[in-house]
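Chemist: Residue numbers (this note's numbering), protein chains in the order written: chain U, 31 to 426; chain B, 7 to 390.
Built from N, CA and C at the ideal position, the CB exists for glycine as well.
Predicted model only: the values in this text are computed from it and were never measured.
First, the structure itself, so that you have it in front of you.
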Amino acid sequence: MNDIYRKYMDIIIRGGKIAGIRNAADGGSGAGQNGRDCKTNGFVSGNEAETGCAERTDGELILDAKGALVTPGFVEADCLAGVRTQIYRRDNQDADDALPLSPSLRAVDALDFSDEAFAMARRGGVTTAISSPAKSALIGGTCAAVKTGGNAGRNWILKEEAAYQFSLTNEPRSRFGKKGQSPMTRMGSAAMIRNALYQAREYRESRQNGSGRSYSLEHESLMRVFDGMPVKIAALQSQDIMTAVRIGEEFGLNSVITGAYDAAEACDSLERTDIRFVVGPLYGGGRSREEQNRKLGLGGILRKKGISFAISTSHPSMNLELFPCQLSLLHQNGMTEKELLAAATILPARYLGLDARIGSIEEGKDADLLIWDGEPLDYYGRVRTMVIEGEIIDME
Amino acid sequence: MLLIKNASLIDMAGTYKEKRDILIDGGTFASIAPQIAAQAGYKVIDADGRLVTPGLIESHCHLGMADSAGQDINEKTGPIHPGLRALDAIDLNSRDFTQALEHGVTTLAVGPGSSNLIGGTFLIIKSAGTSAASRIVKEEFCMKMALGENPKTNYGPQGKMPATRMGATALIRDTLYKARDYREKWNLHQEKREKGESSSFSFDLDMHSLMRVFDGMPVKIHAHKANDIRAAIRIGKEFGLTYTIEHCTDGYLLLDELREAGVLSILGPIMGGKGKVEVANKRFDAPAQFERAGVPFAITTDSGVIPMEGLLMQAAVLIKSGLSEMGAYKGLTEHAAKAIGLWEQIGSIEAGKQADLVIWGGEPFSSGAKADVVLIGGNVCYWA
Numbered sequence: 031m032n033d034i035y036r037k038y039m040d041i042i043i044r045g046g047k048i049a050g051i052r053n054a055a056d057g058g059s060g061a062g063q064n065g066r067d068c069k070t071n072g073f074v075s076g077n078e079a080e081t082g083c084a085e086r087t088d089g090e091l092i093l094d095a096k097g098a099l100v101t102p103g104f105v106e107a108d109c110l111a112g113v114r115t116q117i118y119r120r121d122n123q124d125a126d127d128a129l130p131l132s133p134s135l136r137a138v139d140a141l142d143f144s145d146e147a148f149a150m151a152r153r154g155g156v157t158t159a160i161s162s163p164a165k166s167a168l169i170g171g172t173c174a175a176v177k178t179g180g181n182a183g184r185n186w187i188l189k190e191e192a193a194y195q196f197s198l199t200n201e202p203r204s205r206f207g208k209k210g211q212s213p214m215t216r217m218g219s220a221a222m223i224r225n226a227l228y229q230a231r232e233y234r235e236s237r238q239n240g241s242g243r244s245y246s247l248e249h250e251s252l253m254r255v256f257d258g259m260p261v262k263i264a265a266l267q268s269q270d271i272m273t274a275v276r277i278g279e280e281f282g283l284n285s286v287i288t289g290a291y292d293a294a295e296a297c298d299s300l301e302r303t304d305i306r307f308v309v310g311p312l313y314g315g316g317r318s319r320e321e322q323n324r325k326l327g328l329g330g331i332l333r334k335k336g337i338s339f340a341i342s343t344s345h346p347s348m349n350l351e352l353f354p355c356q357l358s359l360l361h362q363n364g365m366t367e368k369e370l371l372a373a374a375t376i377l378p379a380r381y382l383g384l385d386a387r388i389g390s391i392e393e394g395k396d397a398d399l400l401i402w403d404g405e406p407l408d409y410y411g412r413v414r415t416m417v418i419e420g421e422i423i424d425m426e
Numbered sequence: 007m008l009l010i011k012n013a014s015l016i017d018m019a020g021t022y023k024e025k026r027d028i029l030i031d032g033g034t035f036a037s038i039a040p041q042i043a044a045q046a047g048y049k050v051i052d053a054d055g056r057l058v059t060p061g062l063i064e065s066h067c068h069l070g071m072a073d074s075a076g077q078d079i080n081e082k083t084g085p086i087h088p089g090l091r092a093l094d095a096i097d098l099n100s101r102d103f104t105q106a107l108e109h110g111v112t113t114l115a116v117g118p119g120s121s122n123l124i125g126g127t128f129l130i131i132k133s134a135g136t137s138a139a140s141r142i143v144k145e146e147f148c149m150k151m152a153l154g155e156n157p158k159t160n161y162g163p164q165g166k167m168p169a170t171r172m173g174a175t176a177l178i179r180d181t182l183y184k185a186r187d188y189r190e191k192w193n194l195h196q197e198k199r200e201k202g203e204s205s206s207f208s209f210d211l212d213m214h215s216l217m218r219v220f221d222g223m224p225v226k227i228h229a230h231k232a233n234d235i236r237a238a239i240r241i242g243k244e245f246g247l248t249y250t251i252e253h254c255t256d257g258y259l260l261l262d263e264l265r266e267a268g269v270l271s272i273l274g275p276i277m278g279g280k281g282k283v284e285v286a287n288k289r290f291d292a293p294a295q296f297e298r299a300g301v302p303f304a305i306t307t308d309s310g311v312i313p314m315e316g317l318l319m320q321a322a323v324l325i326k327s328g329l330s331e332m333g334a335y336k337g338l339t340e341h342a343a344k345a346i347g348l349w350e351q352i353g354s355i356e357a358g359k360q361a362d363l364v365i366w367g368g369e370p371f372s373s374g375a376k377a378d379v380v381l382i383g384g385n386v387c388y389w390a
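In structure tokens form, the structure reads like this:
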């Protein structure tokens, strides 16, 4: 997912990583005309097992994609997989804790790998998911980056604390305001977040100056945002997006705005196109003011304005299994295939600071790949083979 | 007279993608033939080889009932509310119906949700039309009932019945017994009055509404899990109800029992994840399993659980998981029409039926499909 687009290539995988990419040895099969050549990959040595794979004695993995399309695994930047789980959601409520500010909470401490959401993710072509606490708190805690399969069901954790989760949506205000607690208003939401950041920054300075401030887990956790730890800020309405940008700049945060239904309006008001967004879900529409611009056409609109964004299901809001379906719908509503594949792979990886490992098929990165039957953006396309860190994954 | 020329017709009456011309007289199909000559005064629409199908039918949804502050789908103040009518809540101007139209849906059954054991009545409407009167097909088509987790989680924690499945079915059965008793008393009261005899009667809206299920008013029984599906069949049998089973998520596990009971199930929403224990067995290939076993079913979005944008996508996903294309069409036309008691009027393109028709931009179950032209009762209601 770098400069190679729809070309026949061979991909060499070694030790779970991409070891090399080169022009296909024999040009592959089913070459088309007019730049519609099937792409990639697969390196035939004549030794194919049923899955089309063979392992050479020097440890190289050989997968014959037989001229099929190969893309990086999809990256879901914003979800609650393993935290707000399928089926047992009521018994295992782990997404929403009791306080509006809880910076020391970590989604990694909740992760339930038996959540069917991970199987759904695999069926949807998602190889990495960033799982968070819910957006019902102003600062909910940190998000974990996890691979969605492989490794015999053992540790899938890519990064225990990949990003912070803040929220400027209606959720914290209605949750706490209803009980007569802060935040009740937008002013309250912003003030409480800024106050927490001020205190964390002051704590950090004190500790650096050796001025004997006693240890505080909350401040110790939150102060990492001043060292570049990514911050996801959920904001849907225009003014909430603008507040997110304002706070991000006040504190020099490495922030990305999620949900972002009003992104087009907000960018117009701010007269900027450089704000980073993780947009979605756009499927499903909505009735509230917050969801007014939750529309499939938003992708095309942002693209025309030159605004970059990743695309999310915000599972379970939209189910992870439908990740490619949403891409398909956006394709029908004004976005190109190239843009959509970037929005589903390298952009979310980059925004979450994970692009050294994932998000594109490049030498040195994790071998997380999807070999497709048919086209990814067609309803009837499907992932024929999923590879995570060089391992062929059972998608069920 | 309206003449649709050069359709590639799927009429749900045996014709599959053959070239046909379709003549519409007033609001109904007059004739369908390989060649019909246009005459003076005919309005002509050239389908130009595009696929033409009957208007699609959504047999279970809640559109136009959730637009304003709060929601109007579930009266969560008590588990027994047969006297409620979706008719009184529905917002005919809701954008939901335009979306339905864009995806080829011409008729919808809209009603209360599943928080209540007995939630009130569904109505049947057209997705577009010139007036409220022309849009409402049936003000009160059927009674809604629900088993399973939703009523339990709404009332149990408040210390109210139902807190358990035993409580749910007991309360439903008790209410049905009372309604049957009320009906006898009402009939007796009517007879006496007709004879000029004096008679007094205590009117009860809920009972008056519910007693109609003993005079043929159908019932929709929401049930996901196998135990709830069986309870629905049991209750239907005990009280001689005409009913469909909504969602029927575990249905593929008891196809023989469904077949024996002669039940028409309304399957869906199948996309959208597993938010509760009772849908743990949800499978994309369930409709395919029904089809292979010869057990009939309609397909629903349960909108807004799946939005109308997802109607055709859901059908595509079901086909991808093993359902035949014709099975998908049947689920959205013939069986859906039967599920809402309107197979005589809609669901196929045959002489005498209502002229509800869609001219498609491509294949309905392919990526990006949307309607090009939609006719309801012979009127063009949508033109892309």
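Measure the CB-CB distance between B/His-228 and B/Glu-263 and report whether it falls below 8 Å.
Modeler: No, the pair does not count as a contact, with Cβ atoms beyond the cut-off.
Chemist: Which word fits B/Met-172, buried or exposed, when buried means at least 16 other C-beta atoms lie within 10 angstroms of its C-beta?
Modeler: Its Cβ having fewer than 16 others within 10 Å, B/Met-172 is exposed.
Chemist: Could you give the uninterrupted runs of the beta strand (DSSP E) lying entirely in the segment 108-179 of chain U, keeping only those of 3 residues or more?
Modeler: For the segment 108-179 of chain U, whole beta strand (DSSP E) runs of length 3 or above, ordered along the chain, are 156-161, 169-177.
Chemist: Helix, strand or coil, according to DSSP, for B/Asn-193 in the structure here?
Modeler: Three-state DSSP puts B/Asn-193 in a helix.
Chemist: Rank B/Cys-67, B/Arg-56, B/Tyr-161 by C-alpha distance to the C-alpha of B/Thr-307 and give the top, closest one.
Modeler: Of the listed residues, the one whose Cα sits closest to B/Thr-307 is B/Cys-67.
Chemist: Are the segment 413-425 of chain U and the segment 313-331 of chain B touching, with three or more C-beta to C-beta distances below 8 Å?
Modeler: Touching, no, given that fewer than three Cβ pairs across the two stretches are closer than 8 Å.
Chemist: At a Cβ threshold of 8 Å, is B/Gly-374 touching chain U?
Modeler: At least one chain U Cβ lies under 8 Å of B/Gly-374.
Chemist: Does U/Asn-323 come within less than 8 Å of chain C when only Cβ atoms are used?
Modeler: No chain C appears in the structure shown, which is made up of the protein chains U and B.
Chemist: Against chain U, with Cβ distances strictly below 8 Å, would B/Lys-82 count as a contact?
Modeler: Closer than 8 Å: no.
Chemist: Determine the closest residue to U/Leu-129 out of U/Glu-191, U/Ser-219, U/Leu-326, with distance taken between C-alpha atoms.
Modeler: Ranking the options by Cα distance to U/Leu-129, first place goes to U/Ser-219.
Chemist: Identify the contact partners of B/Met-319 in chain U, using a Cβ-Cβ distance below 7 Å as the criterion.
Modeler: Neighbours of B/Met-319 on chain U, chain order: Cys-355, Tyr-409.
Chemist: Using beta-carbon positions only, say whether U/Ile-277 and U/Gly-310 come within less than 8 Å of one another.
Modeler: It is not a contact, given that the beta carbons lie outside the stated cut-off.
Chemist: Bridge partners of U/Ser-197, per DSSP?
Modeler: In the DSSP output, where bridge partners are listed per residue, U/Ser-197 has U/Ala-264.
Chemist: Taking contact to mean 3 or more Cβ pairs, one atom from each stretch, closer than 8 Å, check whether the segment 95-102 of chain B and the segment 35-50 of chain B are in contact.
Modeler: Output reads no: the segment 35-50 of chain B does not touch the segment 95-102 of chain B.
Chemist: Run down chain U in chain order and give the residues with a C-beta less than 7 Å from the C-beta of B/Ala-174.
Modeler: Within 7 Å Cβ-Cβ: nothing; B/Ala-174 doesn't reach chain U, min ~17 Å.
Chemist: In three-state terms, what does DSSP make of B/Phe-371?
Modeler: Coil, per DSSP.
Chemist: What's the call for U/Arg-120, buried or exposed, on a 16-neighbour Cβ count within 10 Å?
Modeler: Flag for U/Arg-120 reads exposed.
Chemist: So, is the C-beta of B/Lys-392 closer than 8 Å to a C-beta in chain U?
Modeler: It is not possible to answer for residue 392 of chain B, since the shown part of chain B is limited to 7 through 390.
Chemist: Could you check where the beta strand (DSSP E) with B/Glu-252 kicks off and where it finishes?
Modeler: Start and end: 249-253.
Chemist: Which of helix, strand or coil does DSSP assign to B/Asp-97?
Modeler: B/Asp-97: coil per DSSP, three-state reduction.
Chemist: In chain order, what residues of the same chain lie with their CB nearer than 7 Å to the CB of U/Gly-404, ignoring the 5 residues before and after it?
Modeler: Excluding positions up to five away in sequence, the list reads Tyr-410, Gly-411, Arg-412.
Chemist: Under 9 Å Cβ-Cβ, which residues of chain B neighbour U/Asn-349?
Modeler: By Cβ distance, chain B contributes Met-277, Gly-278, Gly-279, Lys-280.
Chemist: For a contact meaning CB atoms closer than 7 Å, what does U/Ser-358 contact in chain B?
Modeler: The contacting residues are Ser-373.
Chemist: Please list the residues of the segment 48-75 of chain B that have a C-beta atom closer than 7 Å to any C-beta atom in chain U, keeping them in chain order.
Modeler: Going along the segment 48-75 of chain B in chain order, one finds Ala-72, Asp-73 with a Cβ nearer than 7 Å to chain U.
Chemist: Assign U/Gly-50 to one of three DSSP states: helix, strand, or coil.
Modeler: If DSSP states are grouped into helix, strand and coil, U/Gly-50 belongs with the strands.
Chemist: In chain B, what lies closer than 8 Å to U/Arg-119 by C-beta?
Modeler: Per Cβ cutoff of 8 Å: Gly-281, Lys-282.
Chemist: State the DSSP-derived secondary structure class of B/Ala-13, mapped to helix, strand or coil.
Modeler: Residue state, collapsed to three classes: strand.
Chemist: Please list the terminal residues of the continuous beta strand (DSSP E) segment that includes U/Leu-281.
Modeler: For the sequence presented, residue 281 of chain U should be read as Phe rather than Leu. Taken as a continuous stretch (DSSP letters only), U/Phe-281 belongs to no beta strand (DSSP E), as it is neither H nor E.
Chemist: Entirely within the segment 7-72 of chain B and at least 3 residues each: give me those beta strand (DSSP E) ranges in chain order.
Modeler: With a minimum length of 3 residues, the continuous beta strand (DSSP E) runs that stay inside the segment 7-72 of chain B are 8-16, 22-31, 34-39, 49-52, 57-60, 62-67.
Chemist: Here's the rule: buried if 16 or more other CB atoms are within 10 angstroms of the residue's CB, otherwise exposed. What is B/Leu-114?
Modeler: When all chains shown are included, B/Leu-114 counts as buried.
Chemist: Do the segment 153-164 of chain U and the segment 92-109 of chain U meet, that is, are 3 or more Cβ pairs less than 8 Å apart?
Modeler: Cβ pair count under 8 Å is three or more, so yes.
Chemist: Going by beta-carbon coordinates alone, are B/Phe-296 and B/Leu-348 separated by less than 8 Å?
Modeler: No, Cβ-Cβ distance for B/Phe-296 and B/Leu-348 is not below 8 Å.
Chemist: When the Cα atoms are used, what is the spatial distance from U/Arg-324 to U/Gly-314?
Modeler: The straight-line gap from Cα to Cα measures roughly 8 Å.
Chemist: Just mark B/Asn-160 as buried or exposed, buried being the case when its beta carbon has 16 or more other beta carbons within 10 Å.
Modeler: The residue is buried, with at least 16 neighbouring Cβ atoms inside 10 Å.
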